[in-house]
Amino acid sequence: MAGLNNRVKITNDIELKDRLVAINRVTKVTKGGRTFSFSAIVVVGNEEGIIGWGLGKAGEVTAAIAKGVESAKKNLTKVPVLKGTVPHEQSAKFGGAEVFIKPASHGTGVVAGGAMRAVLESVGVTDVLAKSKGSSNPHNLVKATILALSEMRDARMVAQNRGISMEKVFRG
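FYI, the numbering for the sequence shown is 1 to 172, going by UniProt numbering.
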């Protein structure tokens, strides 16, 4: 998996913004009645190429969101963003959710649905074409989108991995 080397350790100078993707209410029926609990999937990002997701579960919505944010801050990934879009086309699959992400010209906007939109906007992508195929489960969509973004490589990363100059990357 290419995305494992893109891990980012959290420092105080990173200003992360959290975005709620989905809340799920779970009911447990017992002898005494119904007990409600909530799970929240949250995406955090600095809108400059750093993204993370987390899942929080608690008896109250606000506590579940807070736990999700803390969980998201523990698994951050660095993603290449070039001029507000992604460097190249990429697809990824997680569980039943499959995503396809394609760069777009300036002014296009984020053409993506629900969970994918939250991830792409949090990472700082302003122009992109994205399509989700298969499952619409927000948990798997978020994981598939972050997987696709973490597998992306820009020209600088390619040059560094091959041990050659940037000019040689573009000349072929």
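Glycine included, every Cβ here is placed at the ideal spot set by N, Cα and C.
Note that the coordinates shown come from a computational prediction; the quantities given were computed from them, not determined experimentally.
Our two residues, F36 and N24, have alpha carbons roughly 10 angstroms apart in a direct line. Beyond the five residues adjoining it in sequence on each side, R117 comes within less than 6 angstroms, by CB distance, of V110 in the same chain, given in chain order. Residue range L76 to K78 is occupied by the beta strand (DSSP E) that includes T77.
Per DSSP, G114 is one residue of the alpha helix (DSSP H) stretching across G114 to V123. In terms of CA proximity to V26, F38 leads the group L16, K17, F38 and E15. Bounds of the beta strand (DSSP E) holding T27 are K17 to T30. Under DSSP, I51 takes part in a beta bridge, and its partners are G45 and T77. Secondary structure at T145: helix, using DSSP grouped into helix, strand and coil. Closest by C-alpha distance to E60, out of T108, N46, A40 and D127, is A40.
Look at I164 here: in three-state DSSP terms it is coil, with no helix or strand label.
Taking 8 angstroms as the upper bound for CB-CB distance, G54 and G124 are not in contact here, some 19 angstroms apart.
Checking the DSSP bridge columns, you'll see P103 partnered with V128. It is roughly 20 angstroms from the alpha-carbon of R162 to the alpha-carbon of L82.
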